[in-house]
Structure formats: structure tokens, C-alpha cells
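J.: For what it's worth, my numbering labels the leading residue of the sequence shown as 1, then goes sequentially.
Got a structure here, written out as C-alpha cells. Questions coming.
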Amino acid sequence: MYAVIQTGGKQYRVSEGDIVKVEKLTAEEGASIDFDQILMVADGDAVKVGTPYLAGGRVTATVASHGRAKKVKIIKFRRRKHHLKHQGHRQWFTALKITSISAG
Numbered sequence: 001m002y003a004v005i006q007t008g009g010k011q012y013r014v015s016e017g018d019i020v021k022v023e024k025l026t027a028e029e030g031a032s033i034d035f036d037q038i039l040m041v042a043d044g045d046a047v048k049v050g051t052p053y054l055a056g057g058r059v060t061a062t063v064a065s066h067g068r069a070k071k072v073k074i075i076k077f078r079r080r081k082h083h084l085k086h087q088g089h090r091q092w093f094t095a096l097k098i099t100s101i102s103a104g
């Protein structure tokens, strides 16, 4: 059984027991979070698709940890102009462990 959830402006395919890194959420480590923006739930051949969200669908997860992703390096370079600019960015994330999926 798996579900497609939406959080942080992105969509994630999750199954029970998965650990998923999503955009940073304001919750303590070990806290339980319920997602109600469920786009799709599939259990074998039985597939339920929402319009746009599935009514009564719920995915429960616990916060495993918070952290920062690997550095993304940005380089802007113009040839023959003596122009070189370096910049870096590390995005915050929340690691979630999916505990249950219900189609509603």
C-alpha cells in the first residue's frame, strides 16, 4: 500500500515504514504529524484518486530528525570579463517516518 501526499509545495510517494525528507516543518522530534492532503492511495489493484484531494484520507508520520541537505554550489562566470561569483546554499529538511496510511 502506498500513497501520494502533498507538503511544502511538493508531492511525495510514501509507504508505511519509509523515511522521507520533506521541507522543514515546525514540529519537535518524536512528534506525530497527520497529513490530510492525500492525492492518491493504492492498495494492489485498488486505486483511489482524489479530485484534487482524497476525502477522508490520512497519512500519519513521526518526526525522525531535522537537518540540512548537502551544499548546492552556484557559480556565475562570464568569460573574458574577469567576472566570477561563488555562492552556496544548504536547504533545511525534516525527516519523517511514515507510520500509517488510511484511504478513508
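Yeah, the Cβ is synthetic: ideal placement off N, Cα and C, and Gly gets one too.
Since the model is a prediction, treat every value here as computed from it, not as a measurement.
Have a look at His66 and Ile19 and give me their C-alpha separation to the nearest angstrom.
T.: Each residue's Cα considered, the two are about 12 Å apart.
J.: Would you give the residue range spanned by the beta strand (DSSP E) that Glu23 belongs to?
T.: Note, Glu23: beta strand (DSSP E), 19 to 23.
J.: Taking the beta strand (DSSP E) that Ala64 belongs to, which residues open and close that run?
T.: Unbroken beta strand (DSSP E) run through Ala64: 58 to 68.
J.: Judging by CA-CA distance, which residue of Gly57, Gly50, Leu84 is the nearest neighbour of Ser102?
T.: If we check each option's Cα against that of Ser102, Gly57 comes out closest.
J.: Note down, in chain order, each residue of its chain lying with its Cβ closer than 6 Å to the Cβ of Leu25, except the 5 sequence neighbours on either side.
T.: Within the same chain, Leu25 has close Cβ partners Thr94.
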